[in-house]
Amino acid sequence: MDSIRVLVFLADLGNDPTEIAVPWSILVANNITVDFATETGLESHCDPRMINGAVGAVMGASASAKALYNDLTTKPSWKHPLSWSSPAFSLGGYAGVLLPGGHDKPMRQYLESKSLQVHLASFFPLTKKGSQNPKVMAAICHGVLALARAKGAEGKSVLWEATTTTLPVHMERFAYFSTAAVLGDYYRTYPAYTADEVKSLLSSPSQYKSGGILNVSPFTVEDATHYYVSARFPGDAQAFGNAFVALLKEASGR
0 MDSIRVLVFL ADLGNDPTEI AVPWSILVAN NITVDFATET GLESHCDPRM INGAVGAVMG
60 ASASAKALYN DLTTKPSWKH PLSWSSPAFS LGGYAGVLLP GGHDKPMRQY LESKSLQVHL
120 ASFFPLTKKG SQNPKVMAAI CHGVLALARA KGAEGKSVLW EATTTTLPVH MERFAYFSTA
180 AVLGDYYRTY PAYTADEVKS LLSSPSQYKS GGILNVSPFT VEDATHYYVS ARFPGDAQAF
240 GNAFVALLKE ASGR
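Using numbering that gives the first Met the number 0, you'd call the opening residue of the sequence shown number 0 and step up by one each time.
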């Protein structure tokens with residue numbers, strides 16, 4: 000039986016290391032092949048503040064996540080990513096797509112890429128439950144925003160009828176206000192809060208699930224009609240990776 004293959008889309012700079020490395024480690028532990036893609040095929044580099052210095056020590060990746068990320072960056076698939084803007088690029092051979100997050104301004108390359116949105120708009124309908132050979136989509140934190148901005152044939156977000164979470168306003172607000180005196184607007188990718196934009200792209204705001212203001216326990220959301228799982232922030236990464244693997248196995252009948 001052929002290996003399940005997953006593609007992870009990345010910005011050139013700025014992704015959160017935990018949201019990449021933890022799900023990656025879970026995928027490969029389950030014998031799932033993982034490839035990566037950046038816009039032009041350049042090797043990606045995570046947000047350096049999440050692994051170095053005072054910010055990294057207080058609000059960044061844990062020691063275990065850093066170790067996983069350091070291991071990941073030695074792999075050929077990481078060092079030689081595909082180019083999503085290449086005319087030859089295709090998601091045809093992949094059973095799943097993973098969209099990690101990150102909040103620093105370089106992430107806008109990934110969040111605003113029209114060519115990436117075209118790929119996501121073509122892929123997401125294939126995750127419909129009950130379809131033949133369904134695919135699986137997984138998005139965490141700002142990765143949900145990249146997906147929500149992808150538009151279907153009617154001009155609506157591919158998540159128009161889906162249930163999802165993303166980085167909640169209360170988490171984004173806390174990160175910003177607790178660091179603004181030193182870091183300025185580092186934690187504000189855009190003037191609008193991530194969750195507010197995502198909710199504006201859904202048929203109803205009730206489709207968005209925040210997990211609750213006081214809930215810092217691992218939290219994921221699975222849509223009822225698509226093989227789609229979403230999560231809020233790095234603290235969800237372990238549960239998110241496990242849920243993604245479970246959906247990949249369910250969708251493939253393994």
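Built from N, CA and C at the ideal position, the CB exists for glycine as well.
In the displayed model, TYR68 falls within a helix according to three-state DSSP.
Your pair GLY101 and ASP235 does not check out as a contact, with CB atoms roughly 15 Å apart and the cut at 8 Å. Taking a contact to require three or more Cβ pairs closer than 8 Å, the region 198-205 and the region 222-239 do not qualify as touching. In the DSSP assignment, GLU221 is bridged to VAL228. Within 10 angstroms of the beta-carbon of LYS113 lie fewer than 16 other beta-carbons, which makes it exposed. Counting C-beta pairs closer than 8 Å gives fewer than three between the region 115-134 and the region 162-177, which falls short of the contact rule. Assigned with DSSP and collapsed to three states, LEU201 falls in coil, not helix or strand. By the C-beta criterion, the region 150-161 is judged not to be in contact with the region 173-191, since fewer than 3 inter-stretch pairs fall below 8 Å. Distances from the alpha-carbon of ALA245 to those of SER121, MET136, GLN108 and ALA36 put MET136 closest.
A Cβ-Cβ contact shorter than 8 Å links PRO105 with LEU12. Under DSSP, THR163 shares a beta bridge with TYR207. Under the DSSP assignment, MET136 falls in the beta strand (DSSP E) whose first and last residues are 135-139. Taking ASP195 as reference, the option from GLY154, LEU144 and ASN241 with the minimal CA-CA separation is LEU144. Apart from sequence neighbours up to five positions away, the residues of its chain that approach ALA94 with a beta-carbon distance below 8 Å are ILE3, ARG4, VAL5, LYS134, VAL135, LEU247, ALA250 and SER251, ordered along the chain. DSSP places THR73 outside both helix and strand once states are collapsed to three, so it counts as coil. In this structure, ALA20 sits away from ALA56, with a CB-CB distance that is not shorter than 8 Å. Taking C-beta separations shorter than 7 Å and ignoring five residues to either side along the sequence, the partners of HIS141 in its chain run GLY100, GLY101, HIS102, MET106, LEU110, LEU166, THR188 and THR193, following chain order. Boundaries of the alpha helix (DSSP H) harbouring ALA242: 236-251, taken from the DSSP string.
Looking at the backbone, the Cα of ARG253 and that of LEU71 are separated by about 26 Å.
Residue pairing by DSSP places ASP34 opposite LEU6 in a beta bridge. For TYR68, the CB contacts under 8 Å within the same chain, skipping 5 residues up- and downstream, are PRO16, THR17, ILE19, ALA20, CYS45, ILE50 and ALA60 in chain order.
Leaving aside the five residues that flank ILE25 on each side, the residues in its chain whose CB is nearer than 7 Å to its CB run, in chain order, GLY240, ASN241 and VAL244.
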